[in-house]
Amino acid sequence: MTYTGLNASYLGRKITKAEFVYELQSSPSQSGTLNAVFSNDPIITAFIGTNRVNGKDVKTRLTIKFFDASGKEVLPDKDSPFAYALSSLNSSLTNKGGHAEFVSDFGANNAFKYINGSYVKKQADGKFYSPEDIDYGTGPSGLKNSDWDAVGHKNAYFGSGVGLANGRISFSFGMTTKGKSNVPGI
261 MTYTGLNASY LGRKITKAEF VYELQSSPSQ SGTLNAVFSN DPIITAFIGT
311 NRVNGKDVKT RLTIKFFDAS GKEVLPDKDS PFAYALSSLN SSLTNKGGHA
361 EFVSDFGANN AFKYINGSYV KKQADGKFYS PEDIDYGTGP SGLKNSDWDA
411 VGHKNAYFGS GVGLANGRIS FSFGMTTKGK SNVPGI
């Protein structure tokens, strides 16, 4: 997905184009495919999902490249990494099932940074997500997604983290059911 006509800059250098490259890594559907809707707004990015028939995660890798007006790739300086939002990480996990939206696999040049008050934390499986329901009010916090999950909402950090990149922005995202199949929610 290519976005042009951007109004962005990095250390005074105008960014005019961004390329978002999506790579399907895992899909639990019998066909090995998933449904994807890509936004014309690079801040919103994409919505992905599929029917879960085997308990496998939905997992997609995203790599982002930025370019200046002359077409040269813009990469961060060592002391000034790119910072990017990892938000709207919904979770309906309970002891009976559910799903959690996660980010993972940041590699050597990217890192996840925790936001104070966020429910999203690194889990034993190496993924970053909320281990409790923050969508339907059944978790210990009693949170529903209407309490936090909207662009500009004062509590949006409840389901968010920050990514830092010392190179191209690159990470995986998706949904886990912790091995359960046919769990509603995607």
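In terms of my numbering, the sequence shown is residues 261 to 446.
For glycine and all other residues, C-beta sits at the position ideal for the given N, C-alpha and C.
Query, Result
"Rounded C-alpha distance that separates Asp328 from Lys277", "7 Å"
"Helix, strand or coil at Asp393 [DSSP, three-state]", "coil"
"Where the beta strand (DSSP E) containing Val422 begins and where it ends", "421 to 425"
"Minimum C-alpha distance to Phe307 - residue among Gly315, Asp301, Ala296, Asn267", "Ala296"
"Val318 classed as buried or exposed, judged by whether at least 16 other C-beta atoms fall within 10 angstroms", "buried"
"Under 8 Å between C-beta atoms of Ser378 and Ser432", "no"
"Interface flag, Ser348 vs chain B, CB-CB below 8 Å", "Among the chains in the structure shown there is no chain B, since it carries only a single protein chain."
"Reference Ala360; option with closest CA among Gly419, Ala345, Tyr344, Phe326", "Gly419"
"Rounded straight-line distance, which links the Cα of Gly292 to that of Leu284", "9 Å"
"Element boundaries [beta strand (DSSP E), containing Ala384]", "That residue, Ala384, is in no beta strand (DSSP E); it is neither H nor E in DSSP."
"8 Å contact criterion, which Asn267 and Pro336 should meet: CB distance rounded", "That belief does not hold up - the Cβ atoms of Asn267 and Pro336 are roughly 19 Å apart, past 8 Å."
"Under 8 Å between C-beta atoms of Gly412 and Tyr344", "no"
"Residue from Ser287, Leu349, Pro341 whose Cα sits closest to the Cα of Thr320", "Ser287"
"Neighbourhood of Phe298 by C-beta, 7 Å cutoff - its chain only, sequence neighbours within 5 removed", "Met261, Ala306"
"Nearest-angstrom Cβ-Cβ length linking Asp393 and Ser352, presumed shorter than 8 Å", "5 Å"
"Distance, Ser289 Cα to Lys373 Cα", "32 Å"
"Beta-carbon proximity list for Ser269, same chain, < 7 Å, skipping 5 on both sides", "Ile275"
"Three-way DSSP call (helix, strand, coil) for Asn314 in this model", "coil"
"Contacts around Asn369, its chain only, beta-carbon distance under 8 Å, and the 5 residues preceding and following it disregarded", "Ala425, Asn426, Gly427, Arg428, Ser430"
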